[in-house]
Amino acid sequence: MRSDPTCPRCGRAIHPPSVWTSAWQCDAHGPVAPLRPIRPLGEASVDLIVKSAQVPVWVPWPLPTGWVITGFAEAGDDRSGALGVVVALSGPAPLGGIGEMAIVAEDPGIGLGARLARFDGPDPGTGFDSGPPDGKIRHDGHEIALWSVDAGKERAVYAGEANTCWMWLVFNPADAGMLMCDLKTVIDLRDHQGGVAQQLPFGAPSPFLASALQPMD
Numbered sequence: 000m001r002s003d004p005t006c007p008r009c010g011r012a013i014h015p016p017s018v019w020t021s022a023w024q025c026d027a028h029g030p031v032a033p034l035r036p037i038r039p040l041g042e043a044s045v046d047l048i049v050k051s052a053q054v055p056v057w058v059p060w061p062l063p064t065g066w067v068i069t070g071f072a073e074a075g076d077d078r079s080g081a082l083g084v085v086v087a088l089s090g091p092a093p094l095g096g097i098g099e100m101a102i103v104a105e106d107p108g109i110g111l112g113a114r115l116a117r118f119d120g121p122d123p124g125t126g127f128d129s130g131p132p133d134g135k136i137r138h139d140g141h142e143i144a145l146w147s148v149d150a151g152k153e154r155a156v157y158a159g160e161a162n163t164c165w166m167w168l169v170f171n172p173a174d175a176g177m178l179m180c181d182l183k184t185v186i187d188l189r190d191h192q193g194g195v196a197q198q199l200p201f202g203a204p205s206p207f208l209a210s211a212l213q214p215m216d
């Protein structure tokens, strides 16, 4: 996989800051937060992401039975810190087989969640939350409302707002989205340095995350 940062929305190569601008630039999407290569699994990567993250690093806790952490990715540079963070997990799907899930926290306009969901825009879109929420998940005693967003037949997507950031849950395949019924709480790993972060079980790298965030040739 390409080691240089890419556009978080499309995977194109991006232009680094220059004397003309302090922003990374995508030819298609203009100024963007650079998407770093997917990090190797392990506590060292958790520590680096937690220290850099300007948004929550969400993990369901306790993890669903049999589920493990399978990947991390973040968008942002050394100056900004991570403005978008993805945590990938995999485990037994409710209807059999292996399911994969990606939880995203990001500032508006970053576009990581939309890319995983295969949306055109960077955010869930106007009116996605116009009706009653389709699910709720708790964090630190507060409920986070989530709405199902149509992402086609291949994956199930839920989106909402938490701590002034977009929160996305993307399930692959779509029937793995039934796991939403079992997800009760999430934690922000930034609040648990040296605790839960050292108890995370790691599995094989996520094929879904690697495919969805593959750089464009």
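Under numbering that gives the first Met the number 0, read the sequence shown as residues 0 to 216, first letter to last.
Where is the CB? At the ideal position from N, CA and C, for every residue including glycine.
Just so it is clear, the structure is predicted and the values come from calculations on it, not from any experiment.
Kindly list the residues whose CB is nearer than 6 angstroms to the CB of residue i, restricted to its own chain and excluding five residues on each side of it in sequence; keep chain order.
i, result
"residue 25", "6, 11, 13 and 31"
"residue 179", "134"
"residue 177", "93"
Note down the Cα distance separating residue i from residue j, rounded to an integer number of angstroms.
i, j, result
"residue 57", "residue 149", "22 angstroms"
"residue 132", "residue 158", "10 angstroms"
"residue 167", "residue 102", "6 angstroms"
"residue 124", "residue 165", "11 angstroms"
"residue 136", "residue 215", "34 angstroms"
"residue 77", "residue 68", "25 angstroms"
"residue 94", "residue 175", "7 angstroms"
"residue 3", "residue 34", "9 angstroms"
"residue 107", "residue 147", "18 angstroms"
"residue 87", "residue 170", "10 angstroms"
"residue 115", "residue 20", "28 angstroms"
"residue 41", "residue 201", "7 angstroms"
For residue i, which beta-bridge partners are listed by DSSP?
i, result
"residue 87", "70 and 101"
"residue 167", "103 and 158"
"residue 25", "29"
"residue 81", "52"
Keeping to the same chain, check which residues put their C-beta closer than 8 angstroms to that of residue i; ignore five residues upstream and five downstream.
i, result
"residue 0", "Here residue 0 scores only 46 on pLDDT, less than 50, and its place in the model should not be relied on; the value that follows carries that caveat. Correct list, in chain order: 36, 37, 209, 213 and 214."
"residue 195", "58, 60, 186 and 188"
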